[in-house]
Structures are given as C-alpha cells and as structure tokens.
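Sequence positions in the sequence shown follow our numbering and run 6 to 160. A virtual CB, placed ideally from N, CA and C, is assigned to each residue, including glycine. Presented below is the structure to which this report refers.
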Amino acid sequence: ARSTLKLEAISGRIDVRNEAGNTELSSRLSPDAAHRIVSECGRIEVHATAEALSKLPLLAVTGQGAVRTNADSTLLSGTNFTTGNPVDGSRRNWRGVKTNRVNLRGMEASHPFDPEAFLEQARRPAAALAGEARSAGLDLISRSGAVVVLMEDKK
C-alpha cells in the first residue's frame, strides 16, 4: 500500500508492507506470532504498554531514517549493526532500538553479549523485508523513514 493506515483492535498476526504511507499501530498483539510492519519511506508509529513489550520482543530499525522512543532504557536499548548480502555483495546499516536484555527468541540472555541472539537480530530485517518465517516478535523495519515507539501507561 501507499496510503495512511491506522491499525487498531487486531487480534491476529500483523503483516503490513506500506511502501510510502504512514502506518500507526495501537493494538494488543499475540505474543506467539511474528508480526511485521515494513516501509520504504513512510513513518511507522507504534503505541504499546511496557507490559505488552515484556511479552513480545521488539526490533525497530531503519537504514537511513530516525528511530525515536520515549521508553525507559530498562525496556528498550539502542542497537546498530551491518548486514551483507552474499548474492550481490551489498551491505545495509541498521540502527534503532530492541527489547532490552531479551534475545529475539524470547529467552533471557545469559550474559550482556549473546552471540546467538545478535545473529538472530542481524537476520531479522532481511527476513521481515522478504516476508520470511521468523520467531515470535514485532519487527518494525523502514529503509529510510522514521520509526517511533511510544510507551503508554496501562489504562
């Protein structure tokens, strides 16, 4: 799509590719599914509670845009990494935020740097862009647009 999307009250898996429009998500997500919102240049905005993100790993990255959050650093931490494409030799730099202290398979990391969790994280953007299978989590991937994760108080 290339339109403005507002996603609310969705109980199933979320799988959205909105090339140039803005996408806003405000919904409870199943912790057992691999959700994705992918954009080329539109803004991705997610409203979530800390409780929701404690149950569902999050990876929010962009290649050239900005990633912003109001979440406390105990919940989300900054990340940046480079991935390569063995077929054509291209490289992509990703930066953004991820769920803190939890690897993207939903298990506690055994120490501050968990190589297996890092490799899983590095594979996720390409898999999300291609619509391939991933472990449960919420992937917000933008090649050049803004990604915003806003934490809200539980109501």
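Need the endpoints of the alpha helix (DSSP H) that R128 sits in, please.
Looking at the DSSP string, the run of the alpha helix (DSSP H) that includes R128 is 120 to 135.
Relative to the C-alpha of E137, which candidate in I15, L30, T9, D20 has its C-alpha closest?
That would be D20, whose Cα lies nearest to the Cα of E137.
Return the CA-CA distance between A14 and L34, expressed in angstroms with no decimal places.
Distance between the alpha carbons of A14 and L34 is about 9 Å.
Keeping to the same chain, check which residues put their C-beta closer than 8 Å to that of Q69; ignore five residues upstream and five downstream.
Excluding sequence neighbours, Q69 sits near R148, S149.
So what's L58 in DSSP terms, helix, strand or just coil?
Of the three classes helix, strand and coil, the one that applies to L58 here is helix, per DSSP.
Could you tell me if N23 is buried or exposed, where buried requires 16 or more neighbouring beta carbons within 10 angstroms of its beta carbon?
By the neighbour-count rule (16 or more Cβ atoms within 10 Å), N23 is buried.
Would R96 and T88 be called neighbours here (beta carbons separated by less than 8 Å)?
Contact: yes.
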